[in-house]
Structure formats: structure tokens, C-alpha cells
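See below for the structure under consideration.
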Amino acid sequence: MTYWFTQILNGISFGMLLFFIASGLTITLGVLRVTNLTHGSFYLIGAYVALSVVRSFDSFAAGALCAAFVVLVIGMIVYVLLRAVGSDPLRQTLLTFGLVFIIADVALLLWGGNPTAVPKPHLLRGPIDIGGLYYPSYRIFIILLGAVVAAATEYFQRRTLVGAMVRAVVDDAEMAGGIGLNAKLIGAITFLVGAGLAGLSGALGGAMIGAYPGADIEVLLYALVVVIIGGMGNLTGSLLGALAVGLLDSFGRAFVPELGASLMFLLMIITLIVRPTGLFGSRA
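The sequence shown begins at 21 in the numbering used here and counts up one residue at a time.
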């Protein structure tokens, strides 16, 4: 029973981390219809920035805030470049694809190629006793924080005027513009918020799964699978998709490690066959 409970907690904690990462990407995709391949790069830079700040000032909170701010600034640059190449999806995809390699090389130059991890907050470095099971307190923190963020984003999306405006642009940008909403401004703000969330996710994830060359691509693949399963532009779908992928990854690594990431792609394929728009995506 302890083994099963541990795997469940591993899956949920990893799923919550994926939700942090994918939440910004799903809204960006929903509002701008831009496949931002630099989202994984935002995560990597966030992790490295948080690592540098924590090492210098011994403050995880300061590291997380600096990571979010630095990545938000980088997101502004990426958004300006996206606007410069126009609205052609192929040009936008190729631009962000090229930026992935540029950012990766800059990160390699600044922080080196050795795998590393962001130091955890002092209060969350030890295990916690859960009915006789000693489990990492930081992972429990990620689970609780994920639950709070999921509830807050659901309330924001469903119960606030700004959330309604974002949903309107996601559902039909042309119609939203027809009723007076500035779809371009909403898209720009959404992109920057998504970048900031990715940077914050880098700080949180860097303390759990680490930072290393190639983490940007790995994280991007996981985030894209979550968005596809959950449905573009839907935060509730992203949460359920992230939890599904996290649990599948945890039990898959425990019982069929040979398959690796194949199981999550299998789940994605099944979802696309059964419901092409994702679990909570609106049907065309």
C-alpha cells in the first residue's frame, strides 16, 4: 500500500508541476493561436536564473520572483519578434524553433552543461510524515500550491470580467473584436503572463526535476501533450491533462520503464482520435 501511495503522490506532484508549465502555454495557444516553441526555453532560463539568485542570496522566494521577471522580459522580446514576422503560422513556428537553439546555447555558455538543481527552501528540504510514510515535503508543497493555483485560475477564468474577455478571445477572436475587445492587447498581455508563469515554473521545477541542457525540449514536449489532451485555451483541461500525464508517467516508469515517454504520447493519440479538440476544447 505504501508503494502505491508513493507512486500516486509522485504522479500528482509531477502533474501539478506540469500544470504550472502548461497553463501559460495553453492560454497563449488559445488566444494568439501561436505555437510558441520557446516555452520550454522560458522554463530552462527561469530555472537557471533562480539557481543563480538562490546561490547568491540564499532566498528561494527571491529566486522565483527574479526568474519570473527575467523570463517575462525575454517573453517581451520574443513577442516583438513574433509580431515582426507577421501572422503566418509557419514563420512564427520557425522563428520560435530557431530561438530555442539560440537560448539553449546562451544558457550553456552562461551556466555550463552540468545537470544541477535549484536549492529548495530551508523549510521544505526534509521529509514529512504522512501516516508513517516519509515523503519529500517539497513535493507536498507543490501539490498544495498546485491546488491553490488551480482554484484561483478557475475562479479568475470563470468569475471575473477579465477572465470572460480572455475566454471570448479564445472562443472567437474576430467576434470578440466586433464587440469592442482589443484582441491584440489581450493577446500580448496573455503572452507575457504565460512567459512569467513559465519562468516561475522553472524555479519550482528546477528544485524538483533539476535544470540541464535538453530540459527545455523535454519540458516543451510534456507541456504540448498536456495542452493537446486538455484542450487549447482551457485551464481546467490542462489541470486534468497534467494530472493524467503525471500519474501515467509515474506508474509507467515504475512498471514499464522501457516504454519511457511513449505512454503519454499514446494517451495523446487516443485523445485525438476520440476527441480531436481535447477533453475540454470547444468543437469547431
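Beta carbons are placed, not taken as given, at the ideal position from N, Cα and C, and that holds for glycine. None of the values given here were measured: they were computed from a predicted structure.
Measure the alpha-carbon distance for residue i versus residue j and round it to whole angstroms.
i    : j    : result
A87  : A274 : 32 Å
L181 : L165 : 24 Å
G214 : W24  : 34 Å
D149 : A42  : 30 Å
A92  : L115 : Residue identity check: residue 92 is Leu in the sequence provided, not Ala. The straight-line gap from Cα to Cα measures roughly 18 Å.
L71  : E194 : 42 Å
I32  : G183 : 26 Å
L220 : T26  : 26 Å
G118 : L263 : 31 Å
I206 : G151 : 47 Å
S107 : L130 : 33 Å
V1   : I47  : Since the displayed the chain opens at 21 and closes at 304, residue 1 lies outside it and no answer follows.
Y68  : E174 : 30 Å
A304 : P296 : Any answer about A304 is weak, because its pLDDT of 47 lies below 50 and its placement is not dependable; what the coordinates show is given next. C-alpha separation (whole angstroms): 10 Å.
L224 : L292 : 30 Å
G272 : G280 : 7 Å
V90  : V239 : 19 Å
L287 : A84  : 32 Å
Go to residue i, then tell me how far its alpha helix (DSSP H) extends in each direction, as first and last residue.
i    : result
E278 : Note, E278: premise wrong, no alpha helix (DSSP H); not H, not E.
N30  : 22 to 52
A231 : First-last for A231: undefined, no H or E at that position.
P109 : 109 to 131
A193 : 193 to 198
T210 : 203 to 226
G250 : 235 to 250
Taking only three categories from DSSP, how would you classify residue i?
i    : result
F285 : helix
L57  : coil
D269 : helix
S79  : coil
L299 : coil
T291 : helix
G257 : helix
G106 : coil
A304 : Note that A304 has pLDDT 47, beneath the 50 cutoff, so the model's placement of it is unreliable and the number below is only indicative. A304 falls in the coil class under three-state DSSP.
Anyone know if the C-beta pair for residue i and residue j falls short of 8 Å?
i    : j    : result
S76  : D236 : no
V265 : M252 : no
T113 : T55  : yes
V138 : G226 : yes
I163 : M36  : yes
T136 : A231 : yes
Y155 : L29  : yes
Sorry if obvious, but does the Cβ on residue i come closer than 7 Å to a heavy atom of the ligand ADP?
i    : result
F176 : In the structure on display, the ligand ADP does not appear, and there are no ligands present to speak of.
Continuous alpha helix (DSSP H) assignments of at least 4 residues falling wholly in the stretch 133 to 181:
157 to 179
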